[in-house]
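Here's the structure we're looking at; comments come further down.
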Amino acid sequence: MSLNDIQLKDLVVSELYRDNLLASDTPPPASTLVTVSTPVAASAPVTAPAAPSPTGYKFLGNNRRKISIIVNAPDTPFLPDDQLSVLTRMLEACRMNIGDVAIVNHAAAPVAINTLKHQLQPGFVLLFGPTPRDIGLPMDFPVFKIQPYDQCTYLTAPSLEDMVRPGDESKLLKSKLWVCLKTLFEI
Numbered sequence: 000m001s002l003n004d005i006q007l008k009d010l011v012v013s014e015l016y017r018d019n020l021l022a023s024d025t026p027p028p029a030s031t032l033v034t035v036s037t038p039v040a041a042s043a044p045v046t047a048p049a050a051p052s053p054t055g056y057k058f059l060g061n062n063r064r065k066i067s068i069i070v071n072a073p074d075t076p077f078l079p080d081d082q083l084s085v086l087t088r089m090l091e092a093c094r095m096n097i098g099d100v101a102i103v104n105h106a107a108a109p110v111a112i113n114t115l116k117h118q119l120q121p122g123f124v125l126l127f128g129p130t131p132r133d134i135g136l137p138m139d140f141p142v143f144k145i146q147p148y149d150q151c152t153y154l155t156a157p158s159l160e161d162m163v164r165p166g167d168e169s170k171l172l173k174s175k176l177w178v179c180l181k182t183l184f185e186i
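Those letters in the sequence shown? Residues 0 to 186, per numbering that gives the first Met the number 0, in order.
In structure tokens:
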């Protein structure tokens, strides 16, 4: 069926043009009648942009070990390649891989801890950039401090963007993170 052959039912037309059509008991004057000799092509339906699902987040990984990693990377679905590479190396040092975790980008869809816990049931949540308050935790705690709360263990760290920069500062951040990860995952 071609777009030129579509015939709309009266109900559909009245719904489409409900603000522009007038109902009248008297027929319109003859001079205002319009005769259409060729069918009018219907335009493609307009859909509203999809809102983020209130029931879940898109994530990278398979979440096999129930470890949620929350990052803040604007303009990318999950992480830029250089940051993903650093994260992958950290996971390998912990004897894990991307399949063991779920990476959620807070910049793509702001994370609420209750929704995240319902969807992914994490035992561990690592925050790279967002603060505990950003995800709706009722408390704040310093970076590089392992914090158990509500049947989950949290660790806040600077953003991965800070860790990929060249220089001694990023090396220091990675070494502090490594000390925490060894304790957290009993390596």
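Here a beta-carbon is modelled for each residue, glycine too, at the ideal position from N, C-alpha and C.
It should be emphasised that the depicted structure is a prediction, and the values quoted were computed from it without experimental measurement.
Work out the CA separation of residue j and residue i for me, nearest whole Å.
i: F123; j: Q6; result: 57 Å
i: E91; j: C151; result: 22 Å
i: P109; j: G55; result: 11 Å
Going along the chain, which residues of its own chain have a beta-carbon closer than 6 Å to the beta-carbon of residue i, five neighbours each way excluded?
i: L59; result: F77, I102
i: D139; result: P131, R132
i: T87; result: none
i: D74; result: none
Cutting at 8 Å between CB atoms, please list the residues of its own chain near residue i, excluding the five before and the five after it.
i: P147; result: Y153
i: P157; result: F127, G128, V142, L172
With a threshold of 7 Å on Cβ separation, who are the neighbours of residue i within its own chain once the five nearest residues in sequence on each side are excluded?
i: A72; result: L78, P79, Q82, N104, A106
i: N61; result: G98
Going by C-alpha distance, which of the options is nearest residue i?
i: S84; options: T130, V163, I186; result: V163
i: K144; options: P137, C179, V100, S174; result: C179
i: F184; options: D167, R64, Y56; result: R64
i: K116; options: D149, R94, N96; result: D149
i: P137; options: K170, C93, M89, A111; result: A111
i: N113; options: K57, M95, T75, I134; result: I134
Label residue i either buried or exposed according to how many other C-beta atoms from any shown protein chain fall within 10 Å of its C-beta, with 16 as the threshold for buried.
i: P165; result: exposed
i: E168; result: exposed
i: T182; result: exposed
i: K170; result: exposed
Just checking my contact of residue i with residue j at CB under 8 Å: how many whole Å lie between their CB atoms?
i: L119; j: S174; result: That belief does not hold up - the Cβ atoms of L119 and S174 are roughly 28 Å apart, past 8 Å.
i: L176; j: V70; result: 13 Å between Cβ atoms; not a contact.
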